[in-house]
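Below is one structure, written out as structure tokens, with a few remarks after it.
2 protein chains.
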Amino acid sequence: MTDRKTITLADVAALADVSQQTVSRVVTGNGQVAAHTRARVNAAIAHLNYVPNRLAIGLARQRTYSVGFATTDLSLHAPSQLTAGIEQAAREAGYSLLVSIVAANGLSATTHTLRGLRERQVDGVLLNVSLDTADVLEVQRRFPGLPCVFMDVPIGTPVPAALLDQAHGARLAAEHLLELGHTRVAILDGPRHAVVESARHHAWRDALATHDLTPVAHLEGDWSPASGYAATLRLLAGGVPFTAILVANDQMAVGVLRALWERGLNVPADVSVVGYDDTPESALLIPPLTTVRQDFPTLGARAFAHLLNLLGTEDPHSLQVLTVPELVIRASTAPPSVERQSVQAALETLRAALAAHGG
Amino acid sequence: MTDRKTITLADVAALADVSQQTVSRVVTGNGQVAAHTRARVNAAIAHLNYVPNRLAIGLARQRTYSVGFATTDLSLHAPSQLTAGIEQAAREAGYSLLVSIVAANGLSATTHTLRGLRERQVDGVLLNVSLDTADVLEVQRRFPGLPCVFMDVPIGTPVPAALLDQAHGARLAAEHLLELGHTRVAILDGPRHAVVESARHHAWRDALATHDLTPVAHLEGDWSPASGYAATLRLLAGGVPFTAILVANDQMAVGVLRALWERGLNVPADVSVVGYDDTPESALLIPPLTTVRQDFPTLGARAFAHLLNLLGTEDPHSLQVLTVPELVIRASTAPPSVERQSVQAALETLRAALAAHGG
DNA sequence: GGACTCCATGTTAGCGTTAACATCACTTCT
DNA sequence: AGAAGTGATGTTAACGCTAACATGGAGTCC
Chain B
2 MTDRKTITLA DVAALADVSQ QTVSRVVTGN GQVAAHTRAR VNAAIAHLNY
52 VPNRLAIGLA RQRTYSVGFA TTDLSLHAPS QLTAGIEQAA REAGYSLLVS
102 IVAANGLSAT THTLRGLRER QVDGVLLNVS LDTADVLEVQ RRFPGLPCVF
152 MDVPIGTPVP AALLDQAHGA RLAAEHLLEL GHTRVAILDG PRHAVVESAR
202 HHAWRDALAT HDLTPVAHLE GDWSPASGYA ATLRLLAGGV PFTAILVAND
252 QMAVGVLRAL WERGLNVPAD VSVVGYDDTP ESALLIPPLT TVRQDFPTLG
302 ARAFAHLLNL LGTEDPHSLQ VLTVPELVIR ASTAPPSVER QSVQAALETL
352 RAALAAHGG
Chain W
2 MTDRKTITLA DVAALADVSQ QTVSRVVTGN GQVAAHTRAR VNAAIAHLNY
52 VPNRLAIGLA RQRTYSVGFA TTDLSLHAPS QLTAGIEQAA REAGYSLLVS
102 IVAANGLSAT THTLRGLRER QVDGVLLNVS LDTADVLEVQ RRFPGLPCVF
152 MDVPIGTPVP AALLDQAHGA RLAAEHLLEL GHTRVAILDG PRHAVVESAR
202 HHAWRDALAT HDLTPVAHLE GDWSPASGYA ATLRLLAGGV PFTAILVAND
252 QMAVGVLRAL WERGLNVPAD VSVVGYDDTP ESALLIPPLT TVRQDFPTLG
302 ARAFAHLLNL LGTEDPHSLQ VLTVPELVIR ASTAPPSVER QSVQAALETL
352 RAALAAHGG
């Protein structure tokens with residue numbers, strides 16, 4: 002009663018007085034079974050409360066209908082939203098999801114994680130880890146026959162990938178500031194190793210360069226609000242005049258807004274702030290944050306669909322699925338204040354004079 | 002070259018000129034193997050790049066070393082942090098994690114999800130779904146022999162569980178306001194179905210009742226910042242005087258702060274706000290949020306450890322692991338302003354008079 | 001020096017399922 | 001009426017691994 006032995010096909014077959022194979026046919030729906038036999042089998046299944054064993058099915062069919070999702074730092078907004086999207090898509094397609102956190106970005110930790118997933122015989126893997134082109138190719142070399150959709154690699158890498166067009170989003174953000182008339186723009190990046198990050202970083206710089214500008218400061222955070230706060234204080238302490246900040250994610254932007262507020266700087270009158278992600282909080286911050294919307298759940302779903310496609314076709318063509326983010330303009334951006342600009346210009350002139358004098 | 006057949010124990014055995022069983026002994030570390038034999042086998046393993054098949058191992062040993070995590074709405078703060086904690090603990094113990102989202106709270110969706118996990122032969126399940134006592138017992142009845150640690154059930158339910166002491170945390174929050182001298186407290190709950198929520202709700206009410214108070218308003222949100230914002234506007238529109246709000250999570254509190262700010266109400270001078278969770282943003286909101294800290298990653302790790310314990314012992318004793326949250330006092334709470342209180346009292350008297358007159 | 005133990009290894013029989021082939025009773029066609 | 005399907009079932013051999021028992025040789029004991 003407490004722990005009766007597991008019910009197998011054989012048990013059902015015995016009760017229904019048919020062969021195992023017939024029961025298998027009823028369960029899987031493959032092959033012809035007479036209506037009355039099917040009814041008898043189904044009755045037996047219900048009576049015994051039979052549950053198929055996916056391990057055995059996987060072993061026999063050489064296909065597990067499970068996929069792995071390998072990602073870094075699940076506690077951040079992006080990976081957790083991604084997980085939600087992937088899980089839903091997988092479940093709807095009849096797949097299970099094995100989630101595995103990669104200890105660090107880069108080849109070595111990734112290899113370790115993929116080895117674990119391959120042992121579990123997943124049919125394919127979604128890999129949300131920052132890898133440069135060389136690493137990606139090495140991963141493919143080390144795991145031949147393991148269908149893998151990359152989610153954080155440089156656009157154009159010749160492998161199956163589902164990516165956000167980070168460069169496009171970053172350009173939107175930068176151009177928005179430029180159109181408003183900003184010329185003294187600081188940028189606050191995420192951790193330097195992130196591939197997405199360097200794409201954003203370059204797009205920001207490129208957009209500024211189009212207007213013959215370079216960022217007045219370049220800071221780095223770790224995606225956390227606290228790091229955004231700290232970076233902003235460093236920026237202010239540096240004394241370099243600026244009228245806008247491009248921030249690599251909304252969570253850091255929370256810290257940025259806070260730091261500016263603390264120092265009596267009004268957003269957007271004194272400083273414009275643009276975030277990235279459009280988290281649910283962003284619309285309700287003080288002030289509501291102008292940001293770049295990224296739809297992670299949808300990206301996850303598309304990535305899974307892409308993997309499914311890879312599993313189906315014999316020839317895994319290296320199609321890239323690109324999702325395009327959009328700019329959401331809210332109240333944290335405005336044209337630079339003329340007054341503040343002139344004050345800052347004067348200040349800078351003074352500094353330059355002092356520097357010339359001192360040097 | 003492209004898709005060579007999988008390497009099995011038999012292949013390794015043939016190359017090393019020993020029996021399969023000897024290779025198995027080397028791989029698993031069970032049983033004695035002579036040093037020189039072991040070396041030969043290891044060389045063969047390395048040469049062939051052999052990877053054990055966990056499916057086959059699971060089938061043979063009747064143990065998969067994988068656990069399921071069933072949860073609702075992975076996109077929220079709590080479940081995603083929990084996932085991170087569980088995954089890490091599981092990985093460190095050599096277990097894989099199958100994540101499965103339950104469509105809705107309640108028995109039926111839970112049963113569906115657990116059936117799927119059982120098919121995959123997980124050794125046990127961590128269940129982060131709101132269930133009342135009756136449902137929990139029914140789940141146990143329907144899945145005998147499936148070790149399960151419940152994470153969102155009423156404290157005291159006689160089943161293995163890893164819980165946060167929600168009532169304690171809620172009491173801390175309420176008593177903090179009472180000590181400050183607040184008497185007109187509104188409460189903003191999460192969705193009504195949530196078990197944790199009703200625990201918080203009751204603890205809030207009980208703490209107020211100790212001081213012969215009842216909440217002046219009772220609102221409900223869906224955990225999102227937008228719902229916190231909307232609820233606050235409803236509260237303000239209702240015209241009931243209040244000097245403090247107890248909010249069921251920090252994300253909603255973001256919306257609450259925003260709504261109050263929009264209406265020109267100062268936090269904490271005019272209204273005190275207490276959140277719940279202590280998200281990374283909370284310390285950097287305007288103003289920094291007084292809140293109840295919940296350490297989800299640690300809870301997840303403890304829950305997994307509890308499950309592991311259940312798997313080891315023959316007699317699954319229904320121990321409950323309780324994690325105690327703590328109050329973090331920041332700048333969103335202060336004593337009620339006397340001025341505002343008297344204005345509100347006058348207003349209320351007037352309302353009462355009007356009501357009496359009208360009725 | 002024979003019984004006893006211990007170690008290193010091999011052999012056999014599953015674990016629960018499916019694929020591939022085999023069987024046998026009916027139809028249906030010409 | 002005989003050939004040729006076709007529909008419903010059964011039989012057998014994997015899938016990759018481990019548990020349990022079997023074997024045989026080397027050392028130990030009195």
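These protein sequence lines map, in sequence, to chains B and W. Just add 1 to the spot in the first sequence (first one is 1) and you have my numbering. Just add 1 to the spot in the second sequence (first one is 1) and you have my numbering. Every residue, glycine too, gets a C-beta built ideally from N, C-alpha and C. Owing to the predicted nature of the structure, the values given are computational and were not obtained by experimental measurement.
(request) Helix, strand or coil for S225 (chain W), going by three-state DSSP, please let me know. (result) As a working note, residue 225 (chain W) is residue 224 in the second sequence. Here DSSP, grouped into helix, strand and coil, assigns S225 (chain W) to coil.
(request) Taking C-beta pairs closer than 9 Å, name the residues in chain B that L99 (chain W) reaches, listed in chain order. (result) Here residue 99 (chain W) is taken as the residue at index 98 of the second sequence, counted from 1. Going along chain B in sequence order, the residues near L99 (chain W) (Cβ under 9 Å) are S67, S97, L98, L99, V100.
(message) Within a Cβ cutoff of 7 Å, which residues of the same chain sit near Q82 (chain W), ignoring the five residues on either side of it in sequence?
(response) Looking up residue 82 (chain W) in the second sequence gives position 81. Once the five neighbours on either side are set aside, the close Cβ partners of Q82 (chain W) are F297, P298.
(request) May I ask you to report which of helix, strand or coil DSSP gives I287 (chain B)? (result) In the first sequence, the residue the question calls residue 287 (chain B) occupies position 286. DSSP places I287 (chain B) in the coil class of the three-state scheme, outside both helix and strand.
(message) Using beta carbons (cut-off 8 Å, strictly below), is T84 (chain B) in contact with chain W?
(response) Position 83 of the first sequence, counted from the start, is the residue given in the question as residue 84 (chain B). Using a Cβ-Cβ cut-off of 8 Å, T84 (chain B) counts as an interface residue toward chain W, since at least one Cβ of chain W sits closer than that to its own.
(message) Would you say Y277 (chain B) lies against chain W (beta-carbon separation less than 8 Å)?
(response) As a first step, residue 277 (chain B) must be located in the first sequence, where it is residue number 276. False, the Cβ-Cβ gap to chain W never drops below 8 Å.
(request) Taking only beta carbons into account, state which residues of the stretch 54–66 of chain B come closer than 8 Å to chain W, listed in chain order. (result) Here the close residues are N54, R55, L56, A57, G59, L60, T65.
(message) Give me the chain W residues within the contact set of R121 (chain B), using Cβ-Cβ distance strictly less than 7 Å, ordered along the chain.
(response) Locating residue 121 (chain B) in the first sequence gives position 120, where the first residue counts as 1. Here the neighbours are R55, S97.
(message) From the DSSP secondary-structure annotation, give me the bridge partner or partners of Q399 (chain W).
(response) The requested residue 399 (chain W) is not part of the displayed model; chain W covers only 2 to 360.
(request) Going by CA-CA distance only, name the one from B:H169, B:S97, B:E221 that's closest to Q295 (chain B). (result) The sequence position of residue 295 (chain B) within the first sequence is 294, counting from 1. Here the closest residue by C-alpha is B:H169.
(message) Just to confirm my understanding: we take S97 (chain W), look at its own chain, exclude 5 residues before and 5 after, and list those with CB closer than 6 Å. What are they?
(response) The residue labelled residue 97 (chain W) in the question sits at position 96 within the second sequence. Here S97 (chain W) has S67 as same chain residues with Cβ atoms under 6 Å from its own Cβ, once five neighbours each way along the sequence are excluded.
(message) Against chain B, does V52 (chain W) count as a neighbour if the rule is that its beta carbon must be under 8 Å from one of theirs?
(response) The sequence position of residue 52 (chain W) within the second sequence is 51, counting from 1. Interface residue, yes.
(request) Below 7 Å CB to CB, which residues in the same chain sit around A45 (chain B) once its five sequence neighbours on both sides are set aside? (result) Along the first sequence, one-based indexing puts residue 45 (chain B) at 44. Within the same chain, Cβ atoms closer than 7 Å to the Cβ of A45 (chain B) are found at V13, L16, A17, the five residues on either side in sequence being excluded.
(message) I need the straight-line Cα distance from P161 (chain W) to F151 (chain W), nearest angstrom please.
(response) Position 160 of the second sequence, counted from the first residue, corresponds to residue 161 (chain W). Position 150 of the second sequence, counted from the first residue, corresponds to residue 151 (chain W). Computed Cα separation, rounded: 6 Å.
(request) Taking G117 (chain W) as part of the alpha helix (DSSP H), name the residues at either end of that continuous run. (result) Within the second sequence, the letter at position 116 stands for residue 117 (chain W). Per DSSP, G117 (chain W) belongs to the alpha helix (DSSP H) from 108–120.
(message) For chain W, check one thing: does any of its Cβ atoms lie closer than 8 Å to the Cβ of A270 (chain B)?
(response) Position 269 of the first sequence, counting from 1, holds the residue named residue 270 (chain B). Not closer than 8 Å to any Cβ of chain W, the Cβ of A270 (chain B) fails to qualify, so no.
(message) If you measure between the beta carbons of I156 (chain W) and A304 (chain W), is that distance less than 8 Å?
(response) In the second sequence, the residue the question calls residue 156 (chain W) occupies position 155. In the second sequence, the residue the question calls residue 304 (chain W) occupies position 303. Their beta carbons are not under 8 Å apart, which means I156 (chain W) does not touch A304 (chain W) by this criterion.
(request) Could you please tell me which residues of the stretch 214–239 of chain B, in chain order, have their CB closer than 9 Å to any CB of chain W? (result) For the stretch 214–239 of chain B, which is checked against every Cβ of chain W, the residues closer than 9 Å are S225, P226, A227, G229, Y230.
(request) Confirm, please, whether the CB-CB distance from P326 (chain B) to L181 (chain B) is below 8 Å. (result) Along the first sequence, read from residue 1 onward, the residue named residue 181 (chain B) stands at position 180. Along the first sequence, read from residue 1 onward, the residue named residue 326 (chain B) stands at position 325. Taking 8 Å as the Cβ cut-off, L181 (chain B) and P326 (chain B) do not qualify as a contacting pair.
(request) Using the Cα positions of W205 (chain W) and A174 (chain W), report the straight-line distance between them to the nearest angstrom. (result) For the purposes of this step, residue 205 (chain W) is taken as residue 204 along the second sequence, with counting starting at 1. For the purposes of this step, residue 174 (chain W) is taken as residue 173 along the second sequence, with counting starting at 1. Straight-line Cα distance between these residues: approximately 8 Å.
(message) Please identify the residue among W:V28, W:S228, W:G117 whose C-alpha is closest to the C-alpha of R259 (chain W).
(response) One-based indexing of the second sequence puts residue 259 (chain W) at position 258. Nearest option by C-alpha distance: W:S228.
(request) Indicate whether A332 (chain B) and P269 (chain B) have their beta-carbon atoms separated by less than 8 Å. (result) What you label residue 332 (chain B) is simply residue 331 of the first sequence in a count that begins at 1. What you label residue 269 (chain B) is simply residue 268 of the first sequence in a count that begins at 1. Contact flag set, yes.
(message) Would you call the stretch 130–142 of chain W in contact with the stretch 106–120 of chain W, where contact means no fewer than 3 C-beta pairs closer than 8 Å?
(response) Touching, yes.
(request) Mind the definition here: the stretch 239–254 of chain W touches the stretch 203–223 of chain W only if three or more C-beta pairs lie below 8 Å; say whether that holds. (result) Counting C-beta pairs closer than 8 Å gives three or more between the stretch 239–254 of chain W and the stretch 203–223 of chain W, which meets the contact rule.
(request) Specify whether the stretch 60–75 of chain B and the stretch 115–135 of chain B touch according to this definition: at least 3 beta carbon pairs, one from each stretch, less than 8 Å apart. (result) Flag = yes, the stretch 60–75 of chain B and the stretch 115–135 of chain B touch.
(request) Return the first residue and the last residue of the alpha helix (DSSP H) that E327 (chain W) is part of. (result) The residue labelled residue 327 (chain W) in the question sits at position 326 within the second sequence. Going by DSSP, E327 (chain W) is part of no alpha helix (DSSP H) but of the beta strand (DSSP E) stretching over 327–329.
(message) For I102 (chain W), report the span of its beta strand (DSSP E) as first-last.
(response) As a working mapping, residue 102 (chain W) is identified with position 101 in the second sequence. From DSSP, the beta strand (DSSP E) with I102 (chain W) extends over 97–102.
(request) Compute the Euclidean distance between the alpha carbons of D213 (chain B) and D133 (chain B), then round it to the nearest angstrom. (result) Position 212 of the first sequence, counted from the start, is the residue given in the question as residue 213 (chain B). Position 132 of the first sequence, counted from the start, is the residue given in the question as residue 133 (chain B). Spanning the two alpha carbons is a distance of roughly 29 Å.
(request) Name, please, each residue of chain W whose Cβ falls closer than 8 Å to the Cβ of L75 (chain B). (result) The residue labelled residue 75 (chain B) in the question sits at position 74 within the first sequence. Residues of chain W with a Cβ closer than 8 Å to the Cβ of L75 (chain B) are, in chain order, S81, T84, A85, E88.
(message) Which of the three DSSP states is assigned to F144 (chain B) in this structure?
(response) Walking along the first sequence from the start, residue 144 (chain B) turns up at place 143. Coil at F144 (chain B), not helix or strand.
(request) In angstroms with no decimal places, state the Cα-to-Cα distance between R352 (chain B) and G222 (chain B). (result) Residue numbering aside, residue 352 (chain B) sits at position 351 when the first sequence is read from its first letter. Residue numbering aside, residue 222 (chain B) sits at position 221 when the first sequence is read from its first letter. Rounded to whole angstroms, R352 (chain B) to G222 (chain B) spans 27 Å at the Cα level.
(request) Enumerate in chain order the residues of its own chain whose CB-to-CB distance from L10 (chain W) is below 7 Å, with the five nearest sequence positions on each side excluded. (result) If you number the second sequence from 1, residue 10 (chain W) lands on position 9. Contacts found: Q21, V24, S25.
(request) List the residues of chain W whose Cβ lies closer than 8 Å to the Cβ of V255 (chain B), in chain order. (result) Here residue 255 (chain B) refers to the residue found at position 254 of the first sequence. What V255 (chain B) touches in chain W: E282, L285, L286.
(request) At 7 Å on the CB atoms, spell out the chain W contacts of W262 (chain B), in chain order. (result) By 1-based counting over the first sequence, the position of residue 262 (chain B) is 261. Using a Cβ-Cβ cut-off of 7 Å, W262 (chain B) is close to I287 of chain W, given in chain order.
(request) Would you identify the three-state DSSP class for N267 (chain W), choosing helix, strand or coil? (result) In the second sequence, residue 267 (chain W) corresponds to position 266, counting from 1. Three-state DSSP puts N267 (chain W) in coil, outside helix and strand.
(message) Can you find the residues in the same chain that come closer than 8 Å, C-beta to C-beta, to E282 (chain W), ignoring five residues on each side of it along the sequence?
(response) Mapped onto the second sequence, residue 282 (chain W) falls at position 281. Counting only residues of its own chain and dropping the five nearest sequence neighbours on each side, E282 (chain W) has a CB closer than 8 Å to the CB of D251, V255.
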